[in-house]
Structure formats: C-alpha cells, structure tokens
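There are 6 protein chains.
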Amino acid sequence: MPLVNIKITRDGATAEQKAKVIEGVTNVLRDVMGKNPQTTFVIIEEVDCDSWGIGGETVAMRRARG
Amino acid sequence: MPLVNIKITRDGATAEQKAKVIEGVTNVLRDVMGKNPQTTFVIIEEVDCDSWGIGGETVAMRRARG
Amino acid sequence: MPLVNIKITRDGATAEQKAKVIEGVTNVLRDVMGKNPQTTFVIIEEVDCDSWGIGGETVAMRRARG
Amino acid sequence: MPLVNIKITRDGATAEQKAKVIEGVTNVLRDVMGKNPQTTFVIIEEVDCDSWGIGGETVAMRRARG
Amino acid sequence: MPLVNIKITRDGATAEQKAKVIEGVTNVLRDVMGKNPQTTFVIIEEVDCDSWGIGGETVAMRRARG
Amino acid sequence: MPLVNIKITRDGATAEQKAKVIEGVTNVLRDVMGKNPQTTFVIIEEVDCDSWGIGGETVAMRRARG
C-alpha cells in the first residue's frame with residue numbers, strides 16, 4: 003500500500019499527463035516490489051515557480067534570467 | 003507537539019467540517035498520547051481529483067466511469 | 003480516501019497507543035466528512051528530539067534545560 | 003542535496019519574501035552542513051487559515067476571536 | 003525538477019529493488035512530462051507496520067489476524 | 003507558525019549541526035517574514051543513501067562509482 007507524493011513545478015501539466023504518470027508509477031511499484039495497485043496512492047502537487055527554489059534562488063528568477 | 007497533515011480530495015469540504023476534523027484529531031492525540039493541544043498543529047490539504055491516483059488511475063477517471 | 007501523516011517526538015509511544023490514534027483519527031474523518039475507513043491511511047512517524055526544533059532550539063535542548 | 007519544505011499560512015507573502023527565505027535557508031544549510039546549494043531544493047507552500055489548526059481550532063477562528 | 007516521496011511498509015525491500023524503483027519512477031517522469039532526470043529526486047521511506055494504519059487498524063494487526 | 007521539514011542524506015550530521023540549522027532556519031523566517039520563533043517548528047529527517055535517488059540512481063551507487 004505505497005503512498006507516492008510527486009511535486010512538480012506548475013507548468014501546465016495536462017490531466018492526461020498526470021494520469022499517465024499515476025499509471026506509470028503504480029506499475030513500477032507493482033513490477034519491482036509486487037505492490038498491489040488497488041492500494042497504491044499517487045498524489046501530484048504542482049508548485050508555483052516563485053515558491054520553488056534551487057541553488058538559492060527561485061525557479062521564476064532562474065527562468066527570467068534565461 | 004504533534005504535526006498532522008491530512009490530504010483529502012477536493013470535494014467541497016466546508017470550513018465547519020475542517021474545523022471539526024482539526025478539533026477531533028487534536029483531541030485524539032491529547033486523549034491517547036497526552037499531547038498538548040496548544041502545540042498540536044493540523045494542516046488539511048485538498049487535492050484535485052485529476053491529481054490523485056488509486057489503482058493506477060485518477061479519482062476523476064474512476065468517478066467518470068461510475 | 004484521506005491520507006494522514008502524524009509526526010510526534012520519539013518518546014516511547016506504544017504499539018497500543020499508535021493503534022488507538024489510528025483508530026481515533028480514522029473515526030473522526032468518517033464521522034465528520036463521511037470518509038471511508040477502508041481507504042483511509044494513517045502513518046505515524048517518530049522524530050528524535052535532537053532533530054525536532056521549536057523556538058529556534060531542539061526539543062532535546064529544551065528538555066535538558068528543564 | 004537537501005530538500006526543504008516550508009508551510010506557512012497564506013498571508014500575502016510576496017515573491018520577494020519567498021525568494022529571500024529560499025536564499026537564506028539554502029545558505030544556512032551550506033554554512034552549517036556544507037550542503038551544495040546547486041542541489042538544495044526549497045519549496046514553500048501556503049495553507050489557508052481555515053485549513054490550519056492549532057490548539058484544536060483553526061487559525062481563522064483564532065483570528066476572528068481576536 | 004520533480005521531487006518524489008514514496009512511503010512503503012518496512013518489509014525487507016532490498017537496495018536493488020529500491021534502486022529499480024528510483025530508476026523506473028525517474029523514467030516515467032522523463033517520458034511522460036519531459037522532466038530532466040538530473041534534477042529528479044526520489045526518496046523512499048519505510049514505515050513500520052505498527053505505525054501504518056488502514057481501515058482504522060494497523061497493518062501489524064491486520065496481518066496478525068490473517 | 004511555519005512548519006519546516008528538511009530531508010538530508012544520512013551522513014553523520016551531529017546534534018550540534020542540527021541545532022544550528024534549526025536556529026538558522028528559524029531566524030530566516032523571523033527576519034524575512036516576521037514569523038514567531040515560538041511557533042516555528044523545524045524537523046530534520048535523515049534518509050539512507052540507498053533510499054535517495056537522483057538522476058535515476060541512488061546516492062549510494064553514485065558514490066560507489068566515484
């Protein structure tokens with residue numbers, strides 16, 4: 003009964019992409035560890051680029067700088 | 003000083019329901035483990051149904067299928 | 003299908019206490035929001051007192067100071 | 003490669019404040035533990051005041067009461 | 003730069019299985035969403051069966067009951 | 003009342019280093035956002051190198067390869 007939490011930057015991921023990620027990750031856990039898909043939860047959270055930092059600055063700043 | 007994080011699907015939980023969950027969970031921790039409510043934090047996060055997967059598909063897809 | 007994550011300081015919580023917290027929190031979510039216990043997950047994580055800070059110092063330091 | 007998740011109440015934190023927190027926290031981890039800023043991720047999540055509880059009631063209720 | 007957190011029950015997952023899950027999940031995010039593996043972090047956390055609840059009881063209790 | 007969760011690889015961080023990180027991060031939130039240290043929680047979690055992945059492989063594998 004794995005719980006998976008995925009955080010990505012908010013960049014227009016479509017419902018279809020999110021569905022495919024959920025399916026793919028669930029399959030990985032089933033194939034590698036034998037985890038039951040029926041009790042595998044996957045949650046995708048999108049985070050704004052001005053709330054996500056790497057290298058000491060926000061992703062928004064990185065992208066603005068090019 | 004427990005920290006509680008509760009994720010639910012975004013289904014129109016009211017402010018009153020959220021307040022009751024916060025009160026109830028805080029009381030459980032006080033009654034069972036003697037935790038001080040004044041330093042018990044409870045955070046409720048609502049997740050869209052197309053970002054929550056179970057059984058390898060999104061909750062949105064499950065519900066659409068009926 | 004709520005997911006609940008509870009962090010507490012590592013203070014010798016017993017298996018029985020953890021079971022009661024899991025039962026109690028699951029019941030709160032069922033009673034207040036109508037959530038199905040069969041798909042309610044509750045995870046309890048215990049954190050060492052020298053890895054938990056409040057007021058800018060660790061719980062271990064607070065307790066040592068009395 | 004530390005991962006830092008910061009949850010704050012949604013109170014109008016500006017992009018500039020969030021950027022400064024990201025920079026400051028990244029510097030603390032570099033200065034104290036020698037962590038490489040280029041692989042230090044910091045995510046800030048803002049939580050509504052009616053979804054955040056302390057002392058068994060929501061922050062929204064606390065503030066309304068004054 | 004996705005962050006993935008996977009919680010599983012502590013059931014003797016091997017280092018090899020964990021490595022395969024990390025590889026597989028990273029590939030799903032690259033293939034479906036074009037995410038760069040070099041900034042994709044995956045963390046696996048194992049939780050004791052008496053600290054994980056479902057259906058209002060711990061996994062340990064469920065298993066003991068058979 | 004910020005909640006801060008910091009995950010680092012398990013690499014022998016000392017209690018003193020953890021205390022300094024807690025103090026430093028608490029100060030950043032006070033100085034930049036005016037957050038009250040008395041209700042600022044900071045939790046540090048250490049993750050084994052074979053449970054932490056980046057670039058599709060574990061940190062343990064990366065280090066072994068040199």
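Residue numbers (this note's numbering), protein chains in the order written: chain P, 3 to 68; chain X, 3 to 68; chain U, 3 to 68; chain A, 3 to 68; chain W, 3 to 68; chain F, 3 to 68. Ideal Cβ positions, reconstructed from N, Cα and C, are used throughout, including at glycine.
Short Cβ contact (8 Å threshold) for residue i with residue j
i: A:V49; j: A:V27; result: no
i: P:G57; j: A:P4; result: no
i: P:V30; j: W:V30; result: yes
i: X:C45; j: X:K20; result: According to the sequence as given, residue 45 of chain X is Ile; it is not Cys. Result no, Cβ atoms of X:I45 and X:K20 do not sit closer than 8 Å.
i: P:G55; j: A:F43; result: yes
i: A:C51; j: A:R32; result: no
For residue i, the nearest candidate out of the options (CA to CA)
i: A:S53; options: X:D33, X:M3 and X:I10; result: X:I10
i: U:V34; options: X:N29, X:V23 and X:R32; result: X:V23
i: A:R12; options: F:A66, F:E59 and F:K37; result: F:K37
i: F:T41; options: U:A66, U:E59 and U:C51; result: U:E59
Per-residue burial, residue i [other beta carbons within 10 Å of its own, 16 or more giving buried]
i: P:T16; result: exposed
i: P:G14; result: exposed
i: X:E25; result: buried
8 Å Cβ cutoff, residue i in contact with chain X
i: F:M35; result: no
i: P:V61; result: no
i: P:A21; result: yes
i: A:I56; result: yes
i: A:V49; result: yes
Test: residue i CB closer than 8 Å to a CB of chain W
i: U:Q40; result: yes
i: A:L5; result: yes
i: U:A17; result: yes
Proximity test, residue i beta-carbon vs the ligand SAH heavy atom, cut-off 7 Å
i: A:G68; result: Judged by which ligands are present, the structure shown has none, so any question about the ligand SAH falls away.
Start and end residues, beta strand (DSSP E) containing residue i
i: P:G36; result: Unbroken run through P:G36: none, as it is neither H nor E.
i: W:T11; result: L5 to T11
i: X:G55; result: W54 to I56
Where the alpha helix (DSSP H) through residue i begins and ends
i: P:A62; result: V61 to R67
Interface flag, residue i vs chain U, CB-CB below 8 Å
i: W:D52; result: yes
Chain F within 8 Å of residue i, Cβ atoms only
i: A:G26; result: yes
CB contact check: residue i to chain P, cutoff 8 Å
i: A:I10; result: no
Beta carbon proximity, residue i to chain A, threshold 8 Å
i: X:V30; result: no
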